[in-house]
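The block underneath contains the structure these notes are about, expressed in structure tokens.
In the working numbering, the protein residues as written are 45 to 199.
Written as structure tokens, this is what we have:
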């Protein structure tokens, strides 16, 4: 990474499930992906109780849209609901998970947020996607106009 970045993160209660996250961690210690020197702001819930993830996803997305955070990563059970919630915030381009998508959403779409599903993605894959997403630069060039056209749709 060229510079130290600041990221906004939201995790719903699923980060507390040890079988889906880190078996060696207890449910009293929420999981966070390794941040590799990146300053992090956590916008997520603090307990394993049910939560309304759109509230937290909106907070993380607003931090990215305002420039408070450069990028954001949001997590719910599937990644779908949280990505839809984040994309409701003007200026957000939140892509749903996947190794090729984590790279291409940055290279071609200049995605500023990544959504993952804690009930679908294991910890090793999640860490790899975070690494790819945070280390991939926007290609620019012909993709710049396309991103501008996407952003014009917001009005």
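We put the CB at the ideal spot given by N, CA and C, even for glycine.
Straight-line Cα distance separating residue 164 from residue 141: Taking the chain shown and counting its residues from 1, one reaches residue 141 at position 97. Taking the chain shown and counting its residues from 1, one reaches residue 164 at position 120. If I take the Cα positions, the gap works out to 10 Å.
Identity of the residue in 192, 174, 173 and 98 nearest residue 127 by Cα: Translated into positions along the chain shown, residue 127 becomes position 83. For residue 127, the nearest C-alpha among the options comes from 98.
Euclidean distance between Cα positions of residue 139 and residue 94: Here residue 139 refers to the residue found at position 95 when the chain shown is read from its first residue. Here residue 94 refers to the residue found at position 50 when the chain shown is read from its first residue. Here the alpha carbon of residue 139 sits roughly 24 Å from the alpha carbon of residue 94.
Residue 108 versus residue 192 - alpha carbon distance: Position 64 of the chain shown, counted from the start, is the residue given in the question as residue 108. Position 148 of the chain shown, counted from the start, is the residue given in the question as residue 192. About 17 Å.
Rounded C-alpha distance that separates residue 121 from residue 96: In the chain shown, the residue the question calls residue 121 occupies position 77. In the chain shown, the residue the question calls residue 96 occupies position 52. Rounded to whole angstroms, residue 121 to residue 96 spans 12 Å at the Cα level.
Under the three-state DSSP convention, the category residue 106 falls into: By 1-based counting over the chain shown, the position of residue 106 is 62. Helix, per DSSP.
Backbone secondary structure at residue 188 - three-state DSSP: The residue you call residue 188 lines up with position 144 of the chain shown. Three-state DSSP puts residue 188 in a helix.
Distance between beta carbons of residue 174 and residue 117, contact taken as under 8 Å: Translated into the one-based positions of the chain shown, residue 117 becomes position 73. Translated into the one-based positions of the chain shown, residue 174 becomes position 130. That belief holds up - the Cβ atoms of residue 117 and residue 174 are roughly 6 Å apart, short of 8 Å.
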